[in-house]
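Peer 1:
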DNA sequence: ACTATACATGCGCATATACGCATATGCTTG
DNA sequence: CAAGCATATGCGTATATGCGCATGTATAGT
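Residue numbers (the working numbering), protein chains in the order written: chain A, 855 to 964; chain B, 855 to 964.
(1) To be precise: take each residue of the region 900-925 of chain A, compare its Cβ to all Cβ atoms of chain B, and keep it if any distance is under 7 Å. Which residues remain?
(2) Give a yes or no on contact between the region 875-893 of chain B and the region 866-881 of chain A, applying the rule of three or more CB pairs nearer than 8 Å.
(3) Taking only runs of the beta strand (DSSP E) that begin and end inside the region 871-944 of chain A, which ones reach a length of at least 3 residues, in chain order?
(4) Residue 950(B) and residue 864(A) look like a contact to me (Cβ under 8 Å); what is the Cβ gap, rounded to whole Å?
(5) Check whether the region 921-939 of chain A and the region 892-900 of chain A touch, using three or more Cβ-Cβ pairs below 8 Å as the test.
(6) Beta-carbon separation of residue 913(B) and residue 898(B) under 9 Å?
(7) With 16 as the cutoff for other CB atoms within 10 Å, does residue 955(A) come out buried or exposed?
(8) Just checking, does the region 899-912 of chain A make contact with the region 905-912 of chain B on the three C-beta pairs under 8 Å criterion?
(9) So with CB distances below 7 Å, who are the chain A contacts of residue 870(B)?
(10) Residues of chain B with CB under 8 Å from residue 867(A), in chain order?
(11) Quick one: is residue 949(A) near chain B, going by C-beta distance under 9 Å?
(12) Who are the Cβ neighbours of residue 905(A) in its own chain at under 8 Å, not counting the five residues just before and after it?
Next up, the structure:
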């Protein structure tokens, strides 16, 4: 098939939803907190400073989007990053933003 | 500096906004239409099937986010992709989604 | 100067969603 | 079975934003 075939409406919707899931600071914070391994909800609440209910909801959103995986163990529920592409995504965006900000800063210095 | 230093609140906000800009199907459609070179607003309106006002607004959003660049030539305004990381971003998300969907489909077949 | 063309923008509405609060559910222990 | 802890969820509210519609602004041609 053609490498550059335009995406269908449904595909575009899916891609957009994917990006939307990553468009909340609190969810990015959660992802960041999971960068070096799985954590329980309680740990994530402590790490992010959010309320328990809100954190739980965000974790649900991320899990439904297959970004996170859920593992239940006794009373606790452990979440972890399920989609490794997340790492690259964050790297890319961070790199792009750094470049953008550096250039903005340079506009004053030069 | 540490490779894994957690991002500041401001940085997280910026990253989130970046993803948010990419979380609308119509904007993705515009980006897709610009994949092989710059186009005028009129061409983009025709290519996407959106209304002129709406398209213009989305183009503004994308330009303010430094995703697109704007070039005025006479009556027309030409937009083009300014941030090359967009290509990688879309590739990554599409690849991840394909994998996800394939696995879902496989869950029925197997 | 007037008109036409291409693009941008102000306004209002409808919808989506993040958050706080309270409460429900599930599991473990005594 | 009762009680307690960890997590999930229903509900209301405030805010954000995509869209349609109409209108404003800039540039080119006569």
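Glycine included, each C-beta is placed from N, C-alpha and C at the ideal position.
What you are looking at is a predicted structure, and each value in this text was computed from that prediction instead of being measured.
Peer 2: In terms of the structure at hand:
(1) Identification of residues in the region 900-925 of chain A having a C-beta nearer than 7 Å to some C-beta of chain B yields 920, given in sequence order.
(2) Touching, per the Cβ criterion.
(3) As for any beta strand (DSSP E) of minimum length 3 sitting wholly inside the region 871-944 of chain A, the runs are 922-927 and 930-935, ordered along the chain.
(4) Actually they do not touch by this definition, with Cβ atoms about 16 Å apart.
(5) Yes, since at least three Cβ pairs between the region 921-939 of chain A and the region 892-900 of chain A fall closer than 8 Å, the two stretches touch.
(6) Contact: yes.
(7) Under this definition residue 955(A) is an exposed residue.
(8) No, because fewer than three Cβ pairs between the region 899-912 of chain A and the region 905-912 of chain B fall closer than 8 Å, the two stretches do not touch.
(9) Residues of chain A with a Cβ closer than 7 Å to the Cβ of residue 870(B) are, in chain order, 877, 878, 879 and 882.
(10) Residues of chain B passing the Cβ test: 879.
(11) For residue 949(A), the answer is yes, since a Cβ of chain B falls inside 9 Å of its Cβ.
(12) Cβ within range, chain order: 899.
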